[in-house]
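Notes follow the structure.
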C-alpha cells in the first residue's frame, strides 16, 4: 500500500509543505523512521528529531515553527498526535481487512454465518454455531457447537472456543486463547483419588473485550464465567470457573483469578498476580504485579501489593526493610548484649 | 435435549410431585435456575430458595417437608445431591458423545484407530500413531508419529502431542495443551552461546489423568517425563523434562515444576508455585499458592509456604510481621535511643 | 531404526569388544537402559552400573579398565561422552528428518517456498510468506501474510506467526507458541473505558533462537520486538511489545518481560521472574526464579533476587531472617520490657 502526501492531506484535512507526490508505505516513530515512512511530531521535546529524520513525510501541528533546514515533506494539521492515531488505525484496518471463506474450512450445515465474514482455511464452525456480520475467523480456529459470536468479532489463528459459549460484539481474541475449557473441579474419594465434577456451564464474553494470546478462561460448573464489557486481558492469563471480571477491568500478563472470585469494574491488575477463590475485589482497585491476594478487598479505589495482601505503600516500605533485616537482626543482638551488661552492672550497684 | 419429570424420575428411581410432563433442557443452581431448568435441594440452609425458584423441576430428598406454596414440580429421591450429580454427568456425557470421522482429517496409512472413535476435522494422526477405543480427538489436534493413546481418551481442540509419547486410558487433555515438547537443555560453549542437547525421551501419562488448557509437559532428555495415574493438572502449568508427578497429585494453574524433580503421591500444589529442579517432594505435602520451593521436602503430609520454603504456619506468621516491619524498625531505633541514654546516665552514676 | 555395534564403531571411529552384530534401536542412560539400548559410561563414579546394565552396547573411554564380568558389548572411543552426544544428535536428526508437503495444506499463490521443505497437513502459508530451504513446518501451523522464515527453521505443531514477522536461520519454535500478537496497549478515555492503540510493528527473531511451547511474543506498537541471536526461551514465557532480548540470553519457563524493556546479552533469568517495563538489564546478569525486577540493573554480571529486587546473597540472607521474624519480634518485646524495668529502677535510684 502506497499513499502520497497529497492523498493523506485530504484524508486529514491538512496542508502539505514540500513534495505533494512524496509517498509512504508504512508508519514509524520519528527517531526510527526510514525512507518511505510517515511519522509525526507532537511533543516539542522531540523537535530536534524533525531535522534529522529519514521519514518521507511528517505530520506536525499547524502552529509549529520550523527553525532549521528539513529534508522531509510536512503535513500540517490541527492535532498531529490525533491525526497520526487516525492513520494508525486506518492502516491497521486496511491490513486486517480480510473477507471470504478459504478452503478447506469446516462449516457444520446447521451453523449460521453472517455477512462480510472472513473464515480462514482449517477453521471449524460446529453445529448450530452462529457468527455475526464482519467476523474474522483466522486459520485453525475452533468454534464449538452452539457457540454464538456477535458482530465484528476477530479470532486470530488457533483460538479455541468450547461448546455453548457466548461472545458479544467487537471482541478480539488473540491466537491460541482457549475459552470454555472445563473448570478445575474434582471431589476427593475415600481411596485418595478424585472424581471429576462435570462442568456444564459456559463462558460469556460481553462487548468490546480483548483477550490475549494463549490466555485460558474456564467454563462455569453451572451458570457462567463472565467477562464484562470493555475488559482487556493480556497474554497467558488464567480465569477459573464461575469467576467474573467487571467492566473495563485491565489485567496484565500471567495473572490468575481463582474460582468464583468477582473482580469489580475498572480494576487494574499487574502481571503475575494471583487471586484466591471465592472473594471479591472492589471497584477501582489497583493491584501491584506479583501480589498474592488472599482475601477480599472491600474499600474501592485503593492500591495493593504484597506476598500476603497489604496496602501498596506499606508493601514498598516493609519489603525494603526486609532487605535491611540482616542488619536489623544484628542491631537487636547488640541491644541484647548491652542490656545484659546494664543489668549486670545494676545488680552490682544494688 | 428435552426431558420430562416422568422420564427423569424413572432414571433416578424417584417419585414425581406435580406435573409429570414438566420438561427441562438444562441444569442449574436453585438460586439461578430459569424456566426449563432442573435443579436440586440437598442442604436445608437453601430451603428458602425452593419457594422462589424459577426451576421447572427440583430434585429433593424423600424426607423433605414442604412448608410453603411451591410453583415447581418435585422429584423425591433418597439422596438429592447424589441424584443430581448422576444427572450432571449423564447430561455432560450426552453432550460430549461425538463419534465419527469428520473430513478433512489426516490419518497416516500406518496409524491404527480403535472402535467408536470421534476424529474432528483438521485433526492429524501421524505414522504408527495408535488410538484406543472410544477416543475423542477434537478438531485441529496433532497426534505425532508413534504416539499411543489408550481407550476413552479425550483430546479437546488443538492439543499437540509430539512423537513417541504414551497416554493411558480415560485421560482428558484440554485445548491447546502441549505434550512432549523438547526439554530446555543447552550446553554453554566457550564463546558464550549454547549448543542444544538433543531431547530424545518422551512423556508417559498414566490412566485417569486430566490436563488443563495450554499446559505444557516437556519430553525427557532420555527416558520419560512421567505423570502418574489420577493426577489432575490445571491450566498453563509447566512440567519440565524428566520430572515425575506422583499418583493423585493435584496442581493448580500456572505452577511450574523444574527438571528431574519428583513429586510424591497425593500432593496438593496451589497456583503459581515454582519448584526448582532435581529435588523431591514427600507424599501428601500441601504447598501454598506462589510458594518458592527451593529444596526437597522430606517429611510427609505437611503444609508449606514462603518466598523461600518454610512451614505454612510460619509463613503466615512471619509474612504478617513483614507488614509490621516499618513499625518494628522504629521500635528498635527507639530502644537504641533509650539504651544510649541509660548508658550515659549509668556512666554519670559511676 | 536398528544399528549394529559394527556400524556404530565405524561412525565413531571406535573399536568393538564383544558382539559385532549386537544391535540397538534406542539410546538410554546406563542405569535405565533396557535390551536393545545403546548407552555410555564417561564418569568413573558410574562404573558400577556397567557391570549390571541391561544395555546391549555401551560406549566407553579407550582407557577404561574392566574389573568385573560384563554382559554387554563395548565400543571404545577417545571421548565416550562426546561420542554419545554425537549419536544423540544424529538419532534426533534422523527422527525429525521429514520432507514433503502433506495434503491438505494451504499455500497462498504468492507464498515462496524453499527447497527440501516439510509442510504438514493443515499448515497455512499466507500471502507473500517466504520459507527458506530445509524448513520444517509441522501440522496446524499458521504463518501469516508477509512473514519471512530463514533456512532450516522448525515450527512444531500449531505455532502461530502473525503477519509481517521475520524469523532468521536455524530457529526452532515449539508447539503452540504465538509470535506477533498485538501488544497490550490501550488509551483510557474519560468515560472509564479504553481505546485500543493499533499495534502495527512486528517481531524480529534472529538466528539460532529456540522458543518454548505456548510462549507468547507480542509485536511492537511501531518498530520491532527483537529476540537477538542465540536466545533460548523456555515454555509459557511472555515477551511484551517493543521488548528486546540480548544475544545468547536464556530465560526459564513462565517468566514475563514487560513492554520496551531491554535485556542485555548473556543474561540468565530463572522461572516465573517478572520484569517491569521500560528498564534495562545489564549484560551477564543472573536473576533468581520468582524475582520481581522493578528497576534497571546497571552493573554487569551480578546475581539478583527478591520480592523487590536486591542482590542475590542479600535476598537469601534477608528472606531467611523473614522466617525468624516471629521470634525476633518477641525479642524486641522482651527488650522493651526489660528496658522499661531498667528505667523504673533508675528512676528509683535517682
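Chains as they are written, first to last, in my numbering: chain A, 27 to 376; chain B, 27 to 376; chain C, 27 to 376. Glycine included, every Cβ here is placed at the ideal spot set by N, Cα and C.
Beta carbon proximity, residue i to chain B, threshold 9 Å
| i | result |
| --- | --- |
| residue 166/A | yes |
| residue 236/C | yes |
| residue 349/C | yes |
| residue 377/C | Within the shown structure, residues of chain C are numbered from 27 to 376, placing residue 377/C beyond reach of any answer. |
| residue 253/A | no |
| residue 354/C | yes |
| residue 150/A | yes |
| residue 358/A | yes |
Rounded separation between residue i and residue j - CA only
| i | j | result |
| --- | --- | --- |
| residue 273/C | residue 356/C | 50 Å |
| residue 367/C | residue 331/A | 39 Å |
| residue 42/C | residue 119/C | 25 Å |
| residue 63/C | residue 221/B | 24 Å |
| residue 336/B | residue 192/B | 36 Å |
| residue 53/A | residue 80/A | 12 Å |
| residue 165/A | residue 145/A | 7 Å |
| residue 48/C | residue 82/C | 7 Å |
| residue 311/B | residue 365/C | 44 Å |
| residue 257/C | residue 223/B | 15 Å |
| residue 219/B | residue 215/C | 46 Å |
| residue 204/A | residue 208/C | 17 Å |
| residue 71/A | residue 246/C | 23 Å |
| residue 56/C | residue 190/B | 21 Å |
CB contact flag (residue i, residue j, <9 Å)
| i | j | result |
| --- | --- | --- |
| residue 3/C | residue 59/C | This structure cannot settle anything about residue 3/C, because the visible part of chain C is limited to 27 through 376. |
| residue 231/B | residue 194/B | yes |
| residue 293/A | residue 309/A | yes |
| residue 268/C | residue 206/C | no |
| residue 361/C | residue 362/A | yes |
| residue 93/B | residue 45/B | no |
| residue 253/B | residue 229/B | yes |
| residue 297/B | residue 260/B | yes |
| residue 210/A | residue 285/A | yes |
| residue 343/B | residue 351/C | yes |
| residue 270/C | residue 287/C | yes |
| residue 239/A | residue 278/A | no |
| residue 35/A | residue 127/A | no |
| residue 22/B | residue 75/C | Beyond the ends of chain B as shown, which are 27 and 376, falls residue 22/B; an answer cannot be given. |
CB contact check: residue i to chain A, cutoff 9 Å
| i | result |
| --- | --- |
| residue 218/C | yes |
| residue 27/C | no |
| residue 75/B | no |
| residue 70/B | no |
| residue 115/B | yes |
| residue 55/B | yes |
| residue 60/C | no |
| residue 32/C | no |
| residue 81/B | no |
| residue 78/B | no |
| residue 170/C | yes |
| residue 43/B | no |
8 Å Cβ cut-off: residues of chain C touching residue i
| i | result |
| --- | --- |
| residue 337/A | Those within 8 Å of residue 337/A in chain C number zero; the least Cβ separation is about 15 Å. |
| residue 146/B | Within 8 Å Cβ-Cβ: nothing; residue 146/B doesn't reach chain C, min ~11 Å. |
Neighbour list for residue i in chain C, Cβ cutoff strictly below 9 Å
| i | result |
| --- | --- |
| residue 202/A | 184, 186, 202, 203, 204, 207, 240 and 242 |
Residues that residue i contacts on chain B, provided the C-beta gap is smaller than 8 Å
| i | result |
| --- | --- |
| residue 297/C | 264, 282, 284 and 300 |
| residue 371/A | 372 |
| residue 276/C | 212 and 220 |
Under 9 Å from the C-beta of residue i: neighbouring residues of chain B
| i | result |
| --- | --- |
| residue 189/A | 121 and 122 |
| residue 134/C | Simply none; closest approach about 18 Å. |
Where residue i meets chain A, residues with beta-carbon distance less than 7 Å
| i | result |
| --- | --- |
| residue 258/C | Those within 7 Å of residue 258/C in chain A number zero; the least Cβ separation is about 19 Å. |
Short CB-CB distance (under 9 Å) between residue i and chain C
| i | result |
| --- | --- |
| residue 332/B | yes |
Under 9 Å by beta carbon: chain A residues contacting residue i
| i | result |
| --- | --- |
| residue 315/B | 282, 284, 300, 302, 318 and 320 |
Partner residues on chain B for residue i, Cβ-Cβ distance less than 7 Å
| i | result |
| --- | --- |
| residue 118/C | 224 and 226 |
contact_flag[the segment 159 to 169 of chain B, the segment 178 to 196 of chain B] where n(CB pairs < 8 Å) is 3 or more
yes
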